[in-house]
Amino acid sequence: MKHIMTLNTRDMAASAKDGGCGECQTSCQSACKTSCGIANQNCEKNN
Amino acid sequence: MIHQYKLNGYNIVLDVYSASVHVTDDVAYDAIALLDAGRTREEARSEIARKYLGVQLNDTDGNPGETVTQEDIDDTFRDIDELIQDEKLFTEDVFQDKALDLKKRGTVVKALCLLVAHTCNLNCSYCFASQGKFDNKTGLMSFETGKRALDFLVENSGFRKNLEVDFFGGEPLVNFDVCKQLVAYARSIEKEKNKNFRFTLTTNGVNLTDEVIEWANKECYNVVLSLDGRKEVNDRFRVDKAGNGSYDKIVPNFQKLVKSRGGRGYYMRGTFTHYNTDFTKDIFHMADDLGFDELSMEPVVADPSSPSALTKEDLPVIFEQYEILAKDMIRRERAGHPITFYHYMINLEHGPCIYKRISGCGSGTEYMAVTAQGDLYPCHQFVGDETYKMGDIWNGVTNTELRDEFKLCNVYARHDCDNCWARLYCSGGCAANAYHATGDIHGTYEYGCEIFRKRIECALMIKAAEAEDAAQRQAAAQG
């Protein structure tokens, strides 16, 4: 019996070291214009 | 911080600060909850044994599964300990200092929303921009003003290569010639300036001629096409000056554009109001009857006194709608005919870094709106409110105090968010929504938060389903 399946996710602690380049899309430019969702933004770096 | 919830047969555990997502059986789900509530290992182990030892569990489809043994319980706690050791469970917030780093960062501008037309050829009564007039400032942006805005963007963008420009309004295609000239100008300078302009067109579709479609499909990285769904829903608000509905005119235009778009990005973007809280019918209409597969549907931004405003009583209905949509998207994916819903796109592996998650949309710093007259505002939703005028494209940001206020307006500046599990998915939310709801950009628009949290729960559940499907395919392939 498998009790826990962990999805592949970006390492947040590591992203504190290699992130922050700012090249990703400004969230409000994509579709909604009325809320702040950043989770669906793609990183422009190959991490 | 841990957030746990059950949805569509999945037990989901989110470890907030590592952003790890775990899908568990009932035993692990309860064990994690007990540990999170402060029980010791032994207390938790005893409680789990009392509840589950010898009990037959159901699988995610509700079918009878295996019976829990002592070995299962031991394995579960071993798995939990491994996750803790790997810093994927019960992690602490180590990012607060990063918010201070943001304060020290130089300010570059990388995105502009150009209000090229403070006027519109529709007369939608729910429009937050007052049909583009933004509280009485009418007019079209001249090429010279737009050109200066692009130069301002380049001059203030530092080493950022990707620059975003959204043609917005009002209805930008009322001023199409200027949009066209501005793109041509940007293309003429981008190589020399080592920039990559990404244009977005947000349009109501009325003026989508063949020429516009060809231009948009060649030049625009993304197009946002406003349609509220079913004809009767769309035509309730999206009417012309004479009060005639726009559906019959715009739908064929949108279909033509999307058909010839060649796979480039687009969104059908609707608004739902108190009058169509059954908005999944509008999403499914756009997908099944009209053939669109990139969809977005936003709750209306309206004064609470407006009859179209969403109410507290609407919330359970809205939550149910989001669940219906999520489950149906899983069904479509499995059937090989997926659709995309903007708020359910969540990139777990290659998504935003912690800086992005803390700082959010960048309004007032990286992102600004430019009026037809060349004035700068923190974003399109502040346009017309003189308190929030930041400067203009000739003199730059002169209200630096305001810029600094926005620079520090991150998730850690909003104390309402301190105990919210979704804080690294919304960065504390939209400053404009907060301002309009509370009078303070550091506030929170709680109604929007409730909707946002529900959407993230649904989005993560879809990811859980995808992971389960992938695991099952892999197991089947291995015989």
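Sequences listed follow chains F and W, in order. According to our numbering, the residues represented by the first sequence are 183 to 229, in order. According to our numbering, the residues represented by the second sequence are -16 to 462, in order. All C-beta atoms, glycine included, are put in the ideal place defined by N, C-alpha and C.
With its beta carbon less than 7 Å from one in chain F, Cys336/W belongs to the interface.
Following the DSSP letters along the chain, one finds Tyr12/W in no beta strand (DSSP E) but inside the alpha helix (DSSP H) bounded by residues Asp9 to Asp19. Not a single CB atom of chain F sits nearer than 7 Å to the CB of Val137/W.
The beta carbon of Glu205/F sits closer than 7 Å to the beta carbons of Glu226 from its chain, once the five residues preceding and following it are set aside; these are given in chain order. By the Cβ neighbour-count rule, Gln207/F is buried, with 16 or more other Cβ atoms within 10 Å of its own. The region 79 to 146 of chain W is shown to contain whole alpha helix (DSSP H) runs of 4 or more residues at 79 to 87 and 126 to 138, in chain order. The beta-carbon distance between Ser229/W and Arg219/W, rounded to whole angstroms, is 11 Å. This is too long to meet the 8 Å contact definition. Chain-ordered, the chain F residues with CB closer than 9 Å to the CB of Leu66/W read Ile186 and Thr188. The straight-line gap separating the alpha-carbon atoms of Ala453/W and Gly319/W is approximately 14 Å. Annotation: Ala414/W to Cys392/W spans about 8 Å, alpha carbon to alpha carbon. With contact defined as three or more Cβ pairs closer than 8 Å, the region 73 to 93 of chain W and the region 121 to 130 of chain W are not in contact. DSSP places Gln39/W outside any alpha helix (DSSP H); the residue lies instead in the beta strand (DSSP E), whose first and last residues are Gln39 to Asn41.
At least one CB atom of chain F sits nearer than 7 Å to the CB of Lys339/W. Burial is judged here by how many other beta carbons sit within 10 angstroms of a residue's own beta carbon; Asn416/W has at least 16 and is buried. Shown here, Gln223/F sits in coil according to DSSP, grouped into three states, outside any helix or strand.
Our two residues, Lys390/W and Lys446/W, have alpha carbons roughly 32 Å apart in a direct line.
CA-CA distance, Glu138/W to Lys178/W, rounds to 11 Å.
At least one C-beta of chain F is nearer than 7 Å to the C-beta of Thr7/W.
Taking 7 Å as the threshold, the shortest C-beta distance from Met328/W to chain F falls below it. With respect to the C-alpha of Ser346/W, the residue from His185/F, Lys215/F and Asn224/F having the closest C-alpha is Lys215/F. Secondary structure of Asn158/W (DSSP, three-state): helix.
Comparing C-alpha distances from Asp286/W to each of Thr421/W, Lys264/W and Tyr(-12)/W shows the shortest one belongs to Thr421/W. By the Cβ-count criterion, Ser342/W is buried, with 16 or more other Cβ atoms from all chains shown falling within 10 Å of its own Cβ.
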